[in-house]
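One structure below.
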Amino acid sequence: MRDQIAEYLKDLTISNRKELFDVLNFIAPLIDGWSLAQPKSGREIMRFASAKARKSAYVDFTIPKKSGGQRKISAPVKPLKAIQSAINILLQSIFVPDEHATGFVLEKSVRDNAMIHVGQTCIFNTDLENFFPSITKLMVRHALYRELGNKLQSNEVVNIICRICTVPDSSGIEVLPQGAPTSPVLSNIVLKSLDKDMSKLAERMECKYSRYADDITFSHSKSIRRMSPFWQSRIHNVIAKYGLKVNEQKTKTFVPGTRREVTGVVVSDKINVPRSYIKQLRVLLHLWEKYGYAQAQIIFTRNFCKGMEKNLANVIDGKINYLEMIKGKEDATYRKLKSRFKCLQRKEKQGIVKIQKVL
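The following block contains the structure:
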């Protein structure tokens, strides 16, 4: 699917709204956005162009943050989400992220981000506060002109994308919504210049630099144990230059003698997951083994989910897949936990089949 879209877009430029709508009508059916037999008219797409229409086209809810507090999610209604999904594929297909950006980038992951800093003795992590809602429509417009002006060759096309992919906040400023399919790629387009400035700064500091979404990491192997206040202030200045703020509570320096982490991945001579990750995974498997799935699900929801409804089997599956990505298929710990999980799944399936036969 992506190869087909890439071939279609290879030499294409979009100079007016009709050409934009034609591209979206080519992409969307390939990603099940809407039926190939029923292409969207310009009127159907443009009905979300006004700020008033978009403000009522999102469902807002909150989810707990790992660090505490609540994160607001603004999920677009189905018709708007379908349009944004097509725009997302369009932008991903024509935009080349900076090499130091690893989040929301095809074929890159937290593993790639962590690998950059393996073996470094000093790790400096900082976080961009209120990430998506800090990126305004004006910032998006300037970035689209700067990075994709050769492909999106009219003010009209850029303005349509900006309007459909942002939403007014409580102050009436149009920003990237946390929950829209387009927000990740647009954030990388906006921050490509920041990544270039940061990588130049890292060269002067004799450091390595990477950014995974809102997580920024510098690392070095010099004899100095910590990142100096001078260089920290330079990092903060670059961030402020782009209208963003540092989350001071998430700014940390890891040195020898402490567990060095990058986006939740332990980095030393090789990458690994924290011990607590393995410990929790073993606990969840043990609950299932000891109490059976139904009772384990109740305990999991009560003790681990902070009030959210999560499927225990799906959570375990996701954790094991993540473990495989970080440690590899041949890792003994991964193989043992995967085997326990498969055994439990087989027993659960056999139990369901027996009940159905009795009934």
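The numbering used here applies: residue 1427 is where the sequence shown begins, and numbers increase by one.
Where a beta carbon is used, it is the ideal one built from N, C-alpha and C, also for glycine.
Note that the structure is a prediction, hence the values are computed from the model and not measured.
Practice prompt. Excluding the 5 residues preceding and the 5 following glutamate 1433 in the sequence, name in chain order all residues of the same chain whose CB lies nearer than 8 Å to its CB.
Written response: Counting from one through the sequence shown, the residue named residue 1433 turns up at place 7. Around glutamate 1433: no qualifying Cβ.
Discussion item. What does the alpha-carbon distance come out to for the pair phenylalanine 1521 and isoleucine 1515?
Written reply: Position 95 of the sequence shown holds residue 1521. Position 89 of the sequence shown holds residue 1515. Using only the alpha carbons, I get a separation of about 10 Å.
Item to complete: With distances taken Cα to Cα, identify the nearest neighbour of alanine 1666 among Gln1706, Tyr1638, Ser1619.
Response: Within the sequence shown, the letter at position 240 stands for residue 1666. The candidate whose alpha carbon is nearest that of alanine 1666 is Ser1619.
Fill in: Inter-residue spacing [alpha-carbon to alpha-carbon] between arginine 1685 and valine 1692
Counting from one through the sequence shown, the residue named residue 1685 turns up at place 259. Counting from one through the sequence shown, the residue named residue 1692 turns up at place 266. Cα to Cα, the separation comes out at about 7 Å.
Worksheet item: Would isoleucine 1742 pass as a contact of leucine 1713 if the rule is Cβ separation under 7 Å?
Response: Within the sequence shown, numbered from 1, the residue matching residue 1742 stands at position 316. Within the sequence shown, numbered from 1, the residue matching residue 1713 stands at position 287. No, these two residues do not count as a Cβ contact at 7 Å.
Discussion item. DSSP three-state label for valine 1779, please.
Written reply: By one-based count along the sequence shown, residue 1779 stands at place 353. At valine 1779 the pLDDT is 49, less than 50, meaning the model places this residue with poor confidence and gives no usable figure here.
Worksheet item: Around the C-beta of valine 1779, are 16 or more other C-beta atoms found within 10 angstroms, so that it is buried, or is it exposed?
Response: Position 353 of the sequence shown, counted from the start, is the residue given in the question as residue 1779. Only weak support is given to the placement of valine 1779: the predicted model assigns it a pLDDT of 49, under 50, and the value that follows is read from those uncertain coordinates. Answer is exposed; the Cβ neighbour count stays below 16.
Worksheet item: According to the neighbour-count rule (16 or more other Cβ atoms, all chains shown, within 10 Å of its Cβ), is alanine 1758 buried or exposed?
Response: Working through the sequence shown from its first residue, we reach residue 1758 at position 332. Alanine 1758 comes out exposed.
Worksheet item: Which of the three DSSP states, helix, strand or coil, is assigned to glutamine 1518?
Response: Working through the sequence shown from its first residue, we reach residue 1518 at position 92. Looking at glutamine 1518 - three-state DSSP - the assignment turns out to be helix.
Worksheet item: Does the beta-carbon distance from asparagine 1539 to threonine 1689 come in below 7 Å?
Response: Here residue 1539 is taken as the residue at index 113 of the sequence shown, counted from 1. Here residue 1689 is taken as the residue at index 263 of the sequence shown, counted from 1. Going by C-beta atoms, asparagine 1539 is nearer than 7 Å to threonine 1689.
Worksheet item: According to the Cβ coordinates, are threonine 1547 and serine 1647 closer than 7 Å?
Response: As a position in the sequence shown, residue 1547 is number 121, starting the count at 1. As a position in the sequence shown, residue 1647 is number 221, starting the count at 1. Yes, these two residues count as a Cβ contact at 7 Å.
Worksheet item: Among the residues of its own chain, which have a CB less than 8 Å from the CB of lysine 1491, if the five just before and after it don't count?
Response: By one-based count along the sequence shown, residue 1491 stands at place 65. Contacts found: Arg1497.
Worksheet entry | Same chain, Cβ closer than 7 Å to glycine 1777, neighbours up to 5 away in sequence not counted | Position 351 of the sequence shown, counting from 1, holds the residue named residue 1777. Nothing meets the Cβ criterion.
Worksheet item: Rounded to the nearest angstrom, how far is the Cβ of glutamine 1510 from that of proline 1607, given a contact under 8 Å?
Response: Against the sequence shown, residue 1510 aligns to sequence position 84. Against the sequence shown, residue 1607 aligns to sequence position 181. So it is a contact: roughly 5 Å between Cβ atoms.
Practice prompt. Just mark alanine 1722 as buried or exposed, buried being the case when its beta carbon has 16 or more other beta carbons within 10 Å.
Written response: Looking up residue 1722 in the sequence shown gives position 296. When all chains shown are included, alanine 1722 counts as buried.
Discussion item. Residues in the same chain with beta-carbon distance under 7 Å from phenylalanine 1766, minus the five sequence neighbours each way, listed in chain order, please.
Written reply: Within the sequence shown, numbered from 1, the residue matching residue 1766 stands at position 340. Reading off the sequence shown, one finds arginine at residue 1766, where the question assumed phenylalanine. Cβ within range, chain order: Leu1711.
Worksheet entry | C-alpha gap between phenylalanine 1656 and threonine 1677, whole angstroms | Along the sequence shown, one-based indexing puts residue 1656 at 230. Along the sequence shown, one-based indexing puts residue 1677 at 251. Cα to Cα, the separation comes out at about 15 Å.
Discussion item. Measuring alpha carbon to alpha carbon, tell me which residue in Leu1602, Leu1627, Asp1486, Ala1628 is nearest valine 1616.
Written reply: Within the sequence shown, numbered from 1, the residue matching residue 1616 stands at position 190. Of the listed residues, the one whose Cα sits closest to valine 1616 is Leu1602.
Worksheet item: Looking at lysine 1671 and glutamate 1600, is the spacing between their C-beta atoms short of 7 Å?
Response: Position 174 of the sequence shown, counted from the start, is the residue given in the question as residue 1600. Position 245 of the sequence shown, counted from the start, is the residue given in the question as residue 1671. Their beta carbons are not under 7 Å apart, which means glutamate 1600 does not touch lysine 1671 by this criterion.
Worksheet item: Based on the DSSP output, what are the partners of threonine 1643 in its beta bridges?
Response: Reading the sequence shown from its first residue, position 217 is the one you call residue 1643. According to DSSP, threonine 1643 bridges with Asn1551, Ser1636.
Item to complete: Give me the Cα-Cα distance between asparagine 1614 and glutamine 1464, rounded to the nearest whole angstrom.
Response: Taking the first residue of the sequence shown as 1, we reach residue 1614 at position 188. Taking the first residue of the sequence shown as 1, we reach residue 1464 at position 38. Cα to Cα, asparagine 1614 sits roughly 32 Å from glutamine 1464.
Item to complete: Taking only the alpha-carbon atoms, compute the straight-line gap between tyrosine 1760 and arginine 1728 and give it to the nearest angstrom.
Response: The sequence position of residue 1760 within the sequence shown is 334, counting from 1. The sequence position of residue 1728 within the sequence shown is 302, counting from 1. So the alpha carbons of these two residues sit roughly 27 Å apart.
Discussion item. Is it the case that the region 1581-1594 contacts the region 1461-1481, given that we only count it when at least three CB pairs across the two stretches are under 8 Å?
Written reply: yes
Worksheet item: Considering only the beta carbon of each residue, do leucine 1636 and histidine 1526 sit closer than 7 Å?
Response: On the sequence shown, residue 1636 is found 210 positions in, with the first residue counted as 1. On the sequence shown, residue 1526 is found 100 positions in, with the first residue counted as 1. The sequence shown places serine at residue 1636, not leucine. For serine 1636 and histidine 1526, yes; Cβs fall inside 7 Å.
Worksheet item: How would you call aspartate 1641, buried or exposed, if buried means at least 16 neighbouring beta carbons within 10 angstroms?
Response: Here residue 1641 refers to the residue found at position 215 of the sequence shown. Flag for aspartate 1641 reads buried.
Worksheet item: Looking at serine 1580 and asparagine 1451, is the spacing between their C-beta atoms short of 7 Å?
Response: Walking along the sequence shown from the start, residue 1451 turns up at place 25. Walking along the sequence shown from the start, residue 1580 turns up at place 154. The answer is no: Cβ separation not under 7 Å.
Item to complete: Compute the distance between the beta-carbons of valine 1664 and aspartate 1623, then report whether it is under 7 Å.
Response: Here residue 1664 is taken as the residue at index 238 of the sequence shown, counted from 1. Here residue 1623 is taken as the residue at index 197 of the sequence shown, counted from 1. Result yes, Cβ atoms of valine 1664 and aspartate 1623 sit closer than 7 Å.
Item to complete: For the alpha helix (DSSP H) containing lysine 1667, list its first residue and its last residue.
Response: Start at 1 with the first residue of the sequence shown, and residue 1667 comes out as number 241. From DSSP, the alpha helix (DSSP H) with lysine 1667 extends over 1655-1667.
Worksheet item: Where does serine 1694 sit, in a helix, a strand or coil, going by DSSP?
Response: Residue numbering aside, residue 1694 sits at position 268 when the sequence shown is read from its first letter. Of the three classes helix, strand and coil, the one that applies to serine 1694 here is coil, per DSSP.
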